[in-house]
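The opening residue of the sequence shown carries number 795 in the working numbering; numbering runs sequentially from there.
In what follows, a structure is listed as structure tokens, so that the remarks can point back to it.
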Amino acid sequence: MKIRVRLTILFTLLTAAILFFFAFIIYYSAKKDREKEFFELLKKEAITKSNLFLKAKVPSEVLHNIYHNNRQTINEVEVAVYNQNKKLLYHDAVEIDFVKETDELFDEIQQKGFVIFYQDKWQVVGMNYVVDGNHYIVTAAALDEYGYSKMNNLLKNIILIYILSLLLIILSAFFFTNKAINPVKEITNKAKQISASNLDLRIELKSKGDELAELTTTINQMLQRLENSFDAQKSFLSNIAHELRTPLAAIITELEMAVDKKHTNEEYQQLIQFALNDTKRIVRLSNSLLDMAKASYDPSEINFKTIRIDEILLDSVAQIQKNNKEYKVDLNFIRIPEEENEVAVIGNEYLLKVAFTNLIENACKYSINNSCIVQVDFDDKDVKINFINKGDKIDQEELALIFKPFFRSDKHKNIQGQGIGLPLTKKIVDLHDARLELYSEEGKETIFQIVLKKS
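And the structure:
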């Protein structure tokens, strides 16, 4: 069901319920007012007849004539007067005698002094009445045909007005929901026109400060992110192609040189070594890209558990020194952990080892003496790891680019690398809800600091 139809139905039902409530209150109040007024009218009629009969000593025949004359206003009123011994003294219409006075009724009237009740649709009052110290019981009953007729007319008018109001409400609801939904429909139609080939298109902002403006802004921001992502993907693929093409071209050249003519054993060995180095370069690039893909997984798909940072660092240092004999790594603990949980975090062991290895390798590669100092510290909440080296200062303009894939500083073009290590490390750190900070000053140390939350 479309929102337009759903809103129309909900608005109609809600308004119809409110209208029904007020219509019910009006009808119920009118019904109670009619009932109350008619009981009061019956009481007055009973008192009037009693005064005429008991005080004014008006003969019964005259009262009967008054009764018959009043029948056009109050239909078939019965007024009956009894003495305290329950003997009938006067009755308006003995031949009708709709109300059958019983001993139980007399007792209730004498006990309460005044009672009202319904007998079928007839309304009845009964009361004690005192004249010259003598106690009498007076009853009066009548059918309020005029009042019931008014109530029926009121009910018909309420139903008619209710139906007309419902029709007006449905039309109004349809009109206003259309007016409210049309801008959303325009946004939808515009969004349908946007595809991968025209991600530069944006939805026009026609209103300000309302929910539609917020929706339009959010969609435009999402489109901007998509456009940036597509551009980054194109650039990423272009860089991968370039990084793969260079060593592959070198391998082809070296193999062609080996095939074209005969060489000495030393020359063959040299050509094979060159090809082997280029192959290793491709392998390293492939491994880095695979690690980058793993770091881009949904966190829910990655196995996180409690791990010890000191053990991962020791493995990383051992791996670096095994693969690069000339690299020197010094691992220091500012404070020696006395318990295992002091350097324990929630994380993925493989990914953190990749991040630590990248930072150690980078620190050694770009230092003046191929060395790196790794410092570990901790407090009640965090574990902090500093990767320190002495080398060239990282320029301010490069700080914003250093974590972008395939970025290489012009100062270090002569140093072999793919420009993937630091972006990959940043992804891994973000995946662990940690912080990666960089400090670099001229003539001083460059520090990459990772701050991980303790488990």
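C-beta atoms are modelled at their ideal positions from N, C-alpha and C, and glycine is treated no differently.
Computed from a prediction, not measured in an experiment: that's the story for all the values here.
Looking at the backbone, the Cα of residue 837 and that of residue 919 are separated by about 7 Å. Of all alpha-carbon atoms in 984, 972, 903 and 1103, the one lying nearest the alpha-carbon of residue 801 is that of 972.
Under the DSSP definition of a beta bridge, residue 1233 partners with 1241. Here residue 1075 is buried: its Cβ has 16 or more other Cβ atoms, across all protein chains shown, within 10 Å.
Contact check for residue 1151 against residue 1190 fails: the beta carbons are separated by 9 Å or more. Residue 935 is a Cβ neighbour of residue 893, given a cutoff of 9 Å. Taking 9 Å as the cut-off, the Cβ atoms of residue 1167 and residue 1180 count as close.
For residue 882, the uninterrupted beta strand (DSSP E) segment begins and ends at 882-885.
Here the stretch 941-954 lies against the stretch 818-831, with 3 or more beta-carbon pairs under 8 Å apart.
Residue state for residue 1163 is assigned as coil, using DSSP reduced to three classes. Looking at the DSSP output, residue 1127 sits in a beta bridge with 1170. Counted as a single uninterrupted DSSP element, the stretch harbouring residue 1188 is not any alpha helix (DSSP H), since DSSP gives it neither H nor E. Secondary structure of residue 1226 (DSSP, three-state): coil. According to DSSP, residue 1142 shares a beta bridge with no other residue. Within the same chain, Cβ atoms closer than 7 Å to the Cβ of residue 1051 are found at 1065, the five residues on either side in sequence being excluded. Annotation for residue 921: the continuous beta strand (DSSP E) segment containing it runs 916-925. Here residue 795 is exposed: its Cβ has fewer than 16 other Cβ atoms, across all protein chains shown, within 10 Å. By the C-beta density criterion, residue 917 is buried, having at least 16 other C-beta atoms within 10 angstroms. When DSSP states are grouped into helix, strand and coil, residue 1064 belongs to the helix group.
Put simply, of 1122, 1130 and 1115 the residue whose alpha carbon is nearest the alpha carbon of residue 1104 is 1130. Residue 1057 carries a coil assignment under DSSP once its states are collapsed to helix, strand and coil.
Looking at the backbone, the Cα of residue 857 and that of residue 912 are separated by about 25 Å. Going by DSSP, residue 1000 is part of no alpha helix (DSSP H) at all; its letter is neither H nor E.
Going by C-alpha positions, residue 898 is about 22 Å away from residue 886.
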